[in-house]
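Following: one structure in structure tokens, then a few remarks.
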Amino acid sequence: MTQILQLRPAIVRWCVLVCVAVLCAGAAHAADGDAAVQRALQRAIAAPAPAQVDAQAVEALSFRRDAAVSARVQQETIRAFGRNPQQVADLEQVIGSGEMLREFDKILRRYGYDPTNLGDVLAAHLLISWEVVNDRDSRQSPAGQRAVRRQLIGPLAAVPEVAAMSDADKQAQAERTAYLTMVSALTYQSMKRDGNRQALTALAASVRQGLQGNGVDLQRVSLGDGGLVTR
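Sequential numbering of the sequence shown, starting at 23, is according to the numbering used here.
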């Protein structure tokens, strides 16, 4: 997993608590939505990625960022997970400052993804969740990293409800997913550094369960040059 920003211990503790208790159990539902999107995800990983994706599909999932939407999502996230004044202050620093979202954007660009494309954001969520569930590093398969976005963009853009989303709706969904993904990744890296195998196992089970709710079992998925494909 790509190394990501080093946060203060208070933020890392918050990430662990939130991820295990709340976020990971609901991340897939928050990120993926209704039954049509679930079917699209299942279709996406049923076969290797196409060599390229249609430009219209890419355009259907792209959005222009609006600072007002980012500010609203930031405050929603802080209010939802700040349990006390100190946590709120910590969250204001790392989320309200834009630090966490900027780091997420850097990770996506390393993958060759566009952080202003909902399909790419969901692909990153799926890829990082796969790393956590399987305790693997996707950097061992750069071609696979690049392929996952090609797998998801076409099927997602074909969902009418997704294609009809406004720029603001796509941005809000993408940024909520970004925070969920970063919390999971930070928690995983913290536990990995500490050598806490029991906590890593529990985290992997939580992330796996979240995606299973959408019919995707990440323990039955392999990463190769064709992307994430069901074995």
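Yeah, the Cβ is synthetic: ideal placement off N, Cα and C, and Gly gets one too.
* Proximity of Q173 and A66 at Cβ, strictly below 8 Å -> yes
* Contact check, N236 vs L63 under 8 Å by CB: the rounded distance? -> 6 Å
* Determine the burial state of P137: buried for a count of at least 16 other Cβ atoms within 10 Å of its Cβ, exposed for fewer. => buried
* **One or two residues paired with G246 in a DSSP bridge** => In DSSP, G246 forms a bridge with G249.
* To do: Please classify Q241: is it buried, with 16 or more other beta-carbons within 10 angstroms of its beta-carbon, or exposed?
  => exposed
* Whole-angstrom distance between V143 and H51, CA atom to CA atom -> Confidence is the limiting factor: at H51 the pLDDT is only 39, short of 50, which leaves the residue's position unreliable, though a coordinate-based value still follows. In a straight line, the C-alpha of H51 is about 14 Å away from that of V143.
* **Bounding residues of the alpha helix (DSSP H) (the contiguous stretch that carries R230)** => R219 to Q234
* **Buried/exposed call for P107, threshold 16 Cβ in 10 Å** => By the neighbour-count rule (16 or more Cβ atoms within 10 Å), P107 is not buried but exposed.
* Asked: On the three-pair Cβ rule with 8 Å, is the region 109-123 touching the region 185-205?
  -> yes
* Asked: Which one or two residues does DSSP pair with N139 in a beta bridge?
  -> S84
* To do: Run the CB neighbour count on G55, radius 10 Å, all protein chains shown included, and call it buried at 16 or more, exposed below.
  => With a pLDDT of only 46 at G55, under the threshold of 50, the placement of this residue in the model should not be trusted; the figure read from the coordinates follows. Buried: at least 16 other Cβ atoms inside 10 Å.
* Where does Q115 fall in DSSP's three states? -> helix
* Asked: Quick one: is L45 buried, meaning 16 or more other Cβ sit within 10 Å of its Cβ, or exposed?
  -> Residue confidence for L45 is low, a pLDDT of 44 falling below 50, so the modelled location carries little weight; the figure read from the coordinates is stated next. Counting Cβ neighbours within 10 Å, L45 comes out buried, since at least 16 surround it.
* In the structure shown, what three-state DSSP assignment does V95 receive? -> The DSSP-derived three-state label of V95 is helix.
* For G246, which residues from the same chain have a beta carbon less than 7 Å from its beta carbon, with the 5 sequence-adjacent residues on both sides left out? -> Excluding residues within five positions, the ones whose Cβ falls inside 7 Å are S163 and G166.
* Span separating the alpha-carbon of S160 from that of A186 -> 32 Å
* **Environment of E153 [buried if 16+ CB atoms lie within 10 Å]** => buried
* Asked: Between which two residues does the alpha helix (DSSP H) harbouring M122 extend?
  -> E121 to Y133
* Rounded to whole angstroms, what's the CA-CA distance from Q74 to R171? Just pull it up for me. => 10 Å
* From S244, S92, F126 and V80, residue whose alpha carbon lies closest to that of L139 -> For the sequence presented, residue 139 should be read as Asn rather than Leu. Selected option, being the one with the closest Cα: V80.
* **Length of the line joining the Cα atoms of R87 and V251** => CA-to-CA, the gap between R87 and V251 works out to about 31 Å.
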